[in-house]
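Down below is the structure, laid out as structure tokens.
Numbering (UniProt numbering), first residue to last: 1 to 489.
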């Protein structure tokens, strides 16, 4: 009976239905798959000291059941297929190789990667199939990102409303960097999620470019942002999300989740004022070594960090204050008869004394110099520089402008104290051969953390120069029809 049924099927030309993704098993398969291509991107591998190696093309696909699978076209077959790939189109694939070599950064439900082999036949269907979804998002909450932080596993989507874009609030439309330099590779947004917390979201390369283009093209300032396949990482002890090569960006009314969020925001306008945008920009707490790593690996820029350190010594032999313009706090130049401000051009500037004290500090691993500028030292001594100078003049007489005021004892008394310092790094720090950092504020008393804490990823190292900028998935290269090449993380 079975033989008769088979003969009838061949005679009538009846074809087997397409194989669903959940039925795919490891190894070569001559079955037929039918799916919608959602997206595709270049998969690259990072090799230390060398340009990133192009492995091929990765592509998330969705079948009639709504199951996501990840496809892969190896570099040796890229030219054969890439021109035929069109996002949103329906494709039929016959003969493929299913690899289980992918161990990190999953963007699909099906763990097997469907690879194009030498025997594959991939064709685009002329007619659309309405039964196959055009999009499918996997939006997660803050607590879910927290639970999956640093696991290098599944990559999910995030949606929320914008608080800051590159440090700029939205009440005045932010101006985005479009220069052709390394700084334009990244857009940093502060995104408030529906369940409360504001998160740092780093957009890189094509995701950053897509965000800029869509943001600038919007008639009104966009409010809601969705980013797909983000990687949850801990940066300076704080959870952040980073785009990957697979990430896509959607604003306001582009897709259902942003539309739904926008509608929820309209019904709950008070949530936009729950977090003050000014309070969102909080410096990340890094060690001295992590700040040094940032300076070595990042393009020159102005950035702020908090750093917990113990004061070991106060440098003697240098003047501990400078005379500044009261209006702009810039150090004044002495003219023939008056003091001149080089910044605001005032030829008869009102003067004020500001601190410039060099401290030798250390933490659990490193030692360096912190330069206390402006009025920051008041947080240590409880007195302004002008007050200390006036007190010395009253005790010793003479003209404050002519006297050489020695370092007050209250500075020496700070030796041995541990504080959290607000550190500002500027462009000159990136070229200096000595690690000398400017402290603009003493945030609070503090204690050094226990030695050998769990490793954190400093900015500009693994987070911002490798994983944040590399492909979100590896997959198999299909260079050998029955062997898969593992991508290194």
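We put the CB at the ideal spot given by N, CA and C, even for glycine.
Everything numeric in this text was worked out from a predicted model, so none of it was measured.
task = Express the C-alpha separation of residue 306 and residue 334 in angstroms, rounding to a whole number.
result = 35 Å
task = Determine the burial state of residue 264: buried for a count of at least 16 other Cβ atoms within 10 Å of its Cβ, exposed for fewer.
result = exposed
request  = Quickly, what does DSSP pair residue 202 with across the bridge? List them, please.
outcome  = 188, 242
request  = Keeping to the same chain, check which residues put their C-beta closer than 6 Å to that of residue 207; ignore five residues upstream and five downstream.
outcome  = 243, 247, 249
request  = Classify residue 333 as helix, strand or coil using the three-state DSSP reduction.
outcome  = strand
task = Rank 102, 54, 233 by C-alpha distance to the C-alpha of residue 144 and give the top, closest one.
result = 233
message = Please classify residue 93 as buried or exposed, where buried requires at least 16 other C-beta atoms within 10 Å of its C-beta.
response = buried
query = Nearest to residue 109 by alpha carbon, out of 253, 116, 128, 138?
reply = 138
key: Burial state of residue 354 (16 or more Cβ within 10 Å)   = buried
query = Apart from the five residues just before and just after residue 311, which ones in its own chain have a Cβ nearer than 8 Å to its Cβ?
reply = 359, 360, 361, 414, 415, 416, 417, 418, 419
task = Specify the secondary structure class of residue 251 as computed by DSSP and reduced to three states.
result = strand
key: Local conformation of residue 166 per DSSP, three classes   = coil
Chain-order list of residues whose beta-carbon lies under 6 Å from that of residue 64 (same chain, five-residue window excluded) = 131, 132
key: Euclidean distance between Cα positions of residue 49 and residue 298   = 16 Å
request  = Please go through the region 88 to 171 and give each complete alpha helix (DSSP H) segment of 4 or more residues, from N-terminal end onward.
outcome  = 142 to 147
message = Since residue 95 and residue 117 should fall inside the 8 Å C-beta cutoff, what is the C-beta to C-beta distance between them, to a whole number of angstroms?
response = 7 Å
key: Span separating the alpha-carbon of residue 19 from that of residue 30   = 10 Å
message = For a test of the three-state rule: what should DSSP assign to residue 325, helix, strand or coil?
response = strand
Residue 415 in three-state terms, based on DSSP = coil
ask   = If you run the structure through DSSP and keep just helix, strand and coil, what is residue 26?
value = coil
For residue 32 and residue 76, the rounded distance between their alpha carbons = 23 Å
query = Which same chain residues, not among the five before or five after residue 260, have their C-beta less than 6 Å away from its C-beta?
reply = none
ask   = Can you list, in chain order, the residues of its chain whose CB lies under 6 Å from that of residue 40, leaving out five sequence neighbours each side?
value = 57, 59, 85
task = Give a yes or no on whether the C-beta atoms belonging to residue 158 and residue 140 are separated by under 8 Å.
result = yes
key: Secondary structure of residue 269, DSSP reduced to three states   = helix
message = Could you pull the DSSP bridge partners for residue 231 from this structure?
response = 242
inquiry  = Only counting the same chain, and skipping five residues up and downstream in sequence, which positions put a Cβ closer than 8 Å to that of residue 445?
reply    = 417, 418, 419, 420
key: Inter-residue Cα distance where the pair is residue 189 and residue 38   = 25 Å
inquiry  = Looking only at its chain, what residues have a beta carbon closer than 7 Å to the beta carbon of residue 342, apart from the 5 residues adjacent to it on each side?
reply    = 330, 333
task = Look up residue 360 in the DSSP assignment and give the residues it is bridged to.
result = 313, 369
message = Within the continuous alpha helix (DSSP H) that includes residue 70, where are the two ends?
response = Segment 68 to 74 is the beta strand (DSSP E) holding residue 70; no alpha helix (DSSP H) there.
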